[in-house]
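The next block holds one structure in the form of structure tokens; read it before the comments.
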Amino acid sequence: MSPRRKVLFRTAAVLLGLSVFLLCELICRLGGWGEQATATDAFTEFVGLRPLFQLSPDRQRYDVAANRRLYFAEESFPAQKAPGHRRVFVFGGSTVQGRPFSIPTAFSTFLKIGLRHADPTVSWEVVNCGGVSYASYRLLPIMRECLQYEPDLYIVCTGHNEFLECITYAEVRNSSELLKQTHGLLCQLRTVQILRETLRSLSPESGASTSAPLPARPLLPEEVDVLLDHQGGLEAYTREALQSTQIVRQFRINLTQMAELTEQAGVPLLFISPPSSLGDCPPFKSEFSADTTPEASAHILALLDNATAVSADRADKVVGRLKEAVHTDPSFAFAWYELGHALLNANRSDEALAAFIRAKDEDICPLRMTSALQQVMADVARTHDIPLLDAHQLMAGLSRNGIVGDGMLVDHIHPSFRGHQQIALAIIQQFRELELLPPDTAEWEPAAQSAFEEHVLSLDDLYFLRGQRTLQTLQAWAQGRGDGPPLVRTSDEGSPAADKNN
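To convert, take the position in the sequence shown, counting from 1, and add 60; that gives this note's numbering.
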């Protein structure tokens with residue numbers, strides 16, 4: 061056989077094989093089989109997925125599954141939604157869950173109480189799906205799951221946790237564009253989806269929804285593995301390791317998928333941009349720029365020391381020295397924070413606010429939602445016509461000089477009881493704008509606030525004691541005093557990973 065005939069023969073064999081696959085794909089599409097609710101991205105899939113809720117033994121309620129309660133508080137709702145009831149699911153991280161306390165004083169609970177007064181004719185169910193340390197990419201599978209529970213509205217409050225796993229799982233984000241695009245194309249094929257669902261159904265783990273991954277694709281672990289939970293976690297944060305641009309890009313993808321998911325399901329969606337402490341929370345880690353010389357670094361530290369030594373009545377001199385420090389290295393977060401306080405002392409609150417925001421954005425350990433992530437949420441909300449409640453601006457309006465701090469938050473991100481109540485009232489106002497509630501009346505809000513107070517007073521002393529203990533643990537955790545297994549360096553790219561054997 062001539063070389064040309066061999067090439068033609070092999071080409072025909074390949075085309076014949078592909079034709080069988082294409083025929084199967086055509087049949088699946090005509091039959092409506094293997095359709096996805098929404099597109100998936102390589103970085104919203106995991107080694108395995110477990111449902112958040114499970115049916116109770118008497119089949120009357122859905123409860124948070126026992127194997128998810130390390131990160132989720134106990135929560136439940138009726139298996140059958142009664143006529144006339146409306147069901148709201150609230151997704152997010154520890155802010156949604158109500159940390160350092162729990163769901164009884166979270167804004168979801170105050171929302172439910174407030175809705176009873178805002179519209180007594182409707183019974184509202186508000187289901188709290190707040191997972192400790194859960195970032196946007198971990199919320200997506202839960203949002204997909206909850207579509208089967210007859211939701212009337214989704215609320216998503218997220219943005220603080222995007223960097224918690226960013227270094228440990230750097231290889232997931234850093235996969236080549238070719239791999240990402242190839243995986244994305246494969247995920248659009250109905251035959252591939254049917255194969256994955258078949259393998260998933262054959263999983264030996266009862267009650268789990270274990271994914272059947274496509275080959276040669278990095279996956280996120282089944283459950284959260286936060287860097288700061290490990291000894292040496294804070295030291296692992298560096299400016300280079302953060303790769304903030306990729307985190308911001310992925311956040312946009314995640315929020316867009318949320319928007320598309322709810323649009324396709326016909327479920328209204330409300331975004332909440334969570335609050336951050338600015339005036340009472342110094343950066344968790346500051347780092348000089350790589351271009352800053354040792355001499356310049358020493359000069360900045362000297363300026364900071366000198367500014368501290370200057371008497372308070374010479375505010376302009378302090379401001380001048382600190383401005384010299386931030387000009388010498390604009391990347392050193394702590395200098396911006398100190399400048400913010402100096403500007404406050406000089407009664408220049410607008411400039412102080414800008415300095416505090418810059419200190420937050422330059423933080424090498426970003427435990428607070430950055431300005432770039434806030435902008436992404438605003439962009440996605442505008443593009444998809446999604447209502448956006450800016451809880452940080454809400455808190456700023458109730459804070460001295462418009463700078464959020466200990467007056468409204470109990471730590472760097474978690475609202476006080478009053479803060480949660482204000483968020484709940486603002487959500488109710490959003491409901492009115494969405495025409496989910498009748499026109500406003502003057503009587504309901506004072507009655508709701510009175511009910512808030514009665515509810516808090518009804519909680520026992522042990523609830524508050526546990527919350528205070530959790531707050532102390534959170535403060536130590538944020539300072540890098542996690543007591544989990546130490547981090548070790550991987551041998552390939554030098555990114556840190558947890559040593560599970562210790």
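All C-beta atoms in this analysis are idealised placements derived from N, C-alpha and C, irrespective of residue type, glycine included.
How long is the line joining the alpha carbons of Q434 and A406, rounded to whole angstroms?
29 Å
In the DSSP assignment, the alpha helix (DSSP H) including Q114 goes from what residue to what residue?
Note, Q114: premise wrong, no alpha helix (DSSP H); beta strand (DSSP E) at 113-115.
Based on the DSSP secondary-structure assignment, which residues constitute the bridge partners of Y214?
The secondary-structure analysis by DSSP pairs Y214 across a beta bridge with F149, L329.
Quick one: give me the first and last residue of the beta strand (DSSP E) that L448 is part of.
448-450
Assign E347 to one of two classes, buried (16 or more other C-beta atoms within 10 Å of its C-beta) or exposed (fewer than that).
buried
Please state the DSSP three-state secondary structure of V378.
The DSSP-derived three-state label of V378 is helix.
Tell me where the alpha helix (DSSP H) around N25 begins and ends.
Any property of residue 25 remains undetermined from this structure, which presents the chain solely from 61 to 562.
Look at F137 and L199 and say whether their C-beta atoms are less than 8 Å apart.
no
Closest to D118 by C-alpha separation, out of G191, A139, R128, would be which residue?
The shortest Cα separation from D118 among G191, A139, R128 belongs to A139.
Output the distance between the C-alpha atoms of D351 and S357, rounded to the nearest integer angstrom.
10 Å
Write down every uninterrupted run of the alpha helix (DSSP H) in the stretch 475-501 whose length is 4 residues or greater and which is fully enclosed by it, in chain order.
477-493
Just the C-alpha distance for H401 and R408, rounded to the nearest angstrom, thanks.
10 Å
For L399 and H387, I'd like the C-alpha separation in whole angstroms.
11 Å
Span of the beta strand (DSSP E) holding P138?
P138 -> beta strand (DSSP E) spans 136-138.
Rounded to whole angstroms, how far is the Cβ of V124 from the Cβ of E135, which I believe are closer than 8 Å?
In this structure V124 is in contact with E135, their Cβ atoms being roughly 5 Å apart against a cut-off of 8 Å.
In whole angstroms, what separates the C-alpha of D212 from that of R204?
14 Å
Give the secondary structure of C341 by DSSP, where H, G and I count as helix, E and B as strand, and everything else as coil.
Three-state DSSP puts C341 in coil, outside helix and strand.
Bridge partners of F132, per DSSP?
DSSP lists G191 as the beta-bridge partner residues of F132.
Exposed or buried, which one is G542 when buried takes at least 16 other CB atoms within 10 Å?
buried
Counting C-beta neighbours from all protein chains within 10 Å, is the total for A300 16 or more, i.e. buried, or is it exposed?
Note that residue 300 is Glu in the sequence shown here, rather than Ala. Result: exposed.
Name, in chain order, the residues that DSSP records as bridge partners for H290.
Answer is G544.
Could you give the distance in angstroms between the alpha-carbon of S266 and the alpha-carbon of Q120?
Low confidence applies here, because S266 scores a pLDDT of 37, under 50, leaving its location unreliable; read the following figure in that light. Going from the Cα of S266 to the Cα of Q120 covers about 20 Å.
Beta carbon of Y131, beta carbon of V192: below 8 Å?
yes
Under the three-state reduction of DSSP, which class applies to R526: helix, strand or coil?
helix
Is the beta carbon of T109 sitting closer than 8 Å to the one on S196?
The sequence given here has Leu at residue 109, not Thr. Cβ distance not < 8 Å, so L109 and S196 don't count as in contact.
Could you check whether A393 and L404 sit closer than 8 Å to each other, using their CB atoms as the reference points?
no
First and last residue of the beta strand (DSSP E) that includes Y122?
121-124
In terms of alpha-carbon separation, which member of L449, L448, G339, M429 lies closest to W396?
G339
Can you tell me whether V308 is helix, strand or coil according to DSSP?
V308 falls in the helix class under three-state DSSP.
If you reduce the DSSP assignment to three classes, tell me which class L321 lands in.
helix
When you compare each of F331, I488, V464 to A456 by their alpha carbons, which one comes out closest?
V464
Kindly say whether G527, judged by its beta-carbon, lies nearer than 8 Å to any beta-carbon of chain D.
Absence of chain D from the displayed structure is noted, only one protein chain being present.
Indicate whether A419 and P334 have their beta-carbon atoms separated by less than 8 Å.
No Cβ-Cβ contact shorter than 8 Å links A419 with P334.
Name, in chain order, the residues that DSSP records as bridge partners for S183.
H145
In the DSSP assignment, the alpha helix (DSSP H) including D410 goes from what residue to what residue?
409-421
Looking only at its chain, what residues have a beta carbon closer than 6 Å to the beta carbon of N461, apart from the 5 residues adjacent to it on each side?
Excluding sequence neighbours, N461 sits near S409.
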